[in-house]
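Residue numbers (the working numbering): 429 to 755. Backbone N, C-alpha and C define an ideal beta-carbon position, used for all residues, glycine too.
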Ligand code: KG4
Ligand code: ZN
């Protein structure tokens, strides 16, 4: 088979287009990150959707050029339809539907979280099912049982802030730029774990980060001469303790010793180090995609779309954009 799929991703502040052959060969993956939000310390939804508009066509053209292909060679268009910022989703989704219709080829709607799962499958196609997928990004913190390709069970999610969001908010409190995750990581590498921030205690496989964020806020407010490096290190280590405690519970209780970690926070090298030590000690297989596939990208959407198309056929052109949706 030679199925050439164009993937489109605009669920948040990245405009991305990618051409993937047969769900596995990435011919191009173009990602443009919006910088407009940095002055606000977070993504402003209306600005995000407006910023996608002038970019969606040129980014798609670049993706086709880099892939050395043309619109007429495409067999399938896949786009993220949920979850995400509604206006932002609508730009990519409407464009993808219109393109598929004008080319007379099928269109497939993809859940963004499924995309993050496929970011790992793209790199490790031989991974054995079932496995546990931890998705940690600026908008999501999800623990998912992946029974097979396109067969999922949501085990847990965040009750408040997402994992990456807590990094971004703590970074903002410390006067660091947005998005703050990588700045926290750099600062933390120069600090020590000297402050005892509370480890969240949340039932079952759910998560919560807002109490921890507030603890950092109070610490900053109350200390005369706060050492930012130590705050970053102490905060980051508790977040990772928390993630590891959830991985430990899920692996022990479900008896599945394979875990994938994706989403923007999975770029963090200290997390990779801690997961490596933990999984080796506990005889668990772990899989991280390379950094460019951890953050939002259209290659993962094309890969997921390709699989959905093979299994379930095309989506209706009436499929809506949805801000909230479970996998
Ligand atoms: O997956 P992503 O690009 O977008 C969403 O779907 O949200 O993730 C972006 C998130 C941001 O919160 C950012 O601060 C976080 O990933 N992030 C990091 C690191 N690099 C990006 N968090 C911790 N350490 C990092 N090195
Ligand atoms: Zn994402």
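DSSP bridge partner residues for residue i (one or two, in chain order)
i           : result
residue 585 : 570
residue 447 : 434, 456
residue 510 : 539
residue 604 : Its beta-bridge partners do not exist; DSSP assigns none.
residue 442 : 461
residue 576 : 579
residue 774 : As shown, the chain starts at 429 and ends at 755. That puts residue 774 outside it, with no answer to give.
N-terminal and C-terminal residue of the alpha helix (DSSP H) that residue i is part of
i           : result
residue 430 : Element bounds for residue 430: n/a, residue is neither H nor E.
residue 596 : 591-601
residue 755 : Counting along the chain, residue 755 falls outside any alpha helix (DSSP H), and DSSP gives it neither H nor E.
residue 707 : 697-710
residue 610 : 609-617
residue 552 : Segment: none, residue 552 is in no alpha helix (DSSP H) and carries neither H nor E.
residue 740 : 727-740
residue 719 : 719-722
Range of the contiguous beta strand (DSSP E) that encloses residue i
i           : result
residue 526 : Residue 526 -> not in any beta strand (DSSP E); alpha helix (DSSP H) instead, spanning 514-531.
residue 562 : 559-564
residue 715 : 713-715
Quiz item: Which ranges does the alpha helix (DSSP H) cover as unbroken runs of at least 4 residues, wholly within the stretch 634-695, from first to last along the chain?
Solution: 638-650, 656-682
Self-check item: Segments of 4+ residues assigned as alpha helix (DSSP H) that fall wholly inside the stretch 458-500
Solution: 473-494
Quiz item: Residues with a Cβ closer than 5 Å to any heavy atom of the ligand ZN, in chain order?
Solution: 565, 724
Quiz item: Does the stretch 665-684 come within contact of the stretch 551-570, defined as at least 3 CB pairs closer than 8 Å?
Solution: yes
Practice problem: Taking 8 Å as the threshold, find out whether the stretch 581-593 comes into contact with the stretch 628-645 through three or more Cβ pairs. | Solution: yes
Quiz prompt | Three or more C-beta pairs below 8 Å linking the stretch 482-495 and the stretch 529-542 | solution = no
Quiz item: So does the stretch 691-708 actually touch the stretch 649-658, counting three or more Cβ pairs closer than 8 Å?
Solution: no
Exercise. Count the CB pairs spanning the stretch 699-710 and the stretch 497-512 that are closer than 8 Å, and state whether there are at least three.
Key: no
Quiz prompt | Segment contact, 8 Å Cβ cut-off, at least three pairs: the stretch 536-552 with the stretch 729-748 | solution = yes
Quiz item: Does the stretch 504-516 come close enough to the stretch 435-444 to have 3 or more Cβ pairs within less than 8 Å?
Solution: yes
Quiz item: Would the stretch 467-485 and the stretch 509-519 be scored as touching if the rule is three or more Cβ pairs under 8 Å?
Solution: Contact between the stretch 467-485 and the stretch 509-519 is present: three or more C-beta pairs spanning the two stretches fall below 8 Å.
Quiz item: Are the stretch 711-727 and the stretch 445-454 in contact at 8 Å, needing three or more beta carbon pairs?
Solution: yes
Quiz item: Quick one: any contact between the stretch 601-621 and the stretch 572-584, if contact means 3 or more CB pairs under 8 Å?
Solution: no
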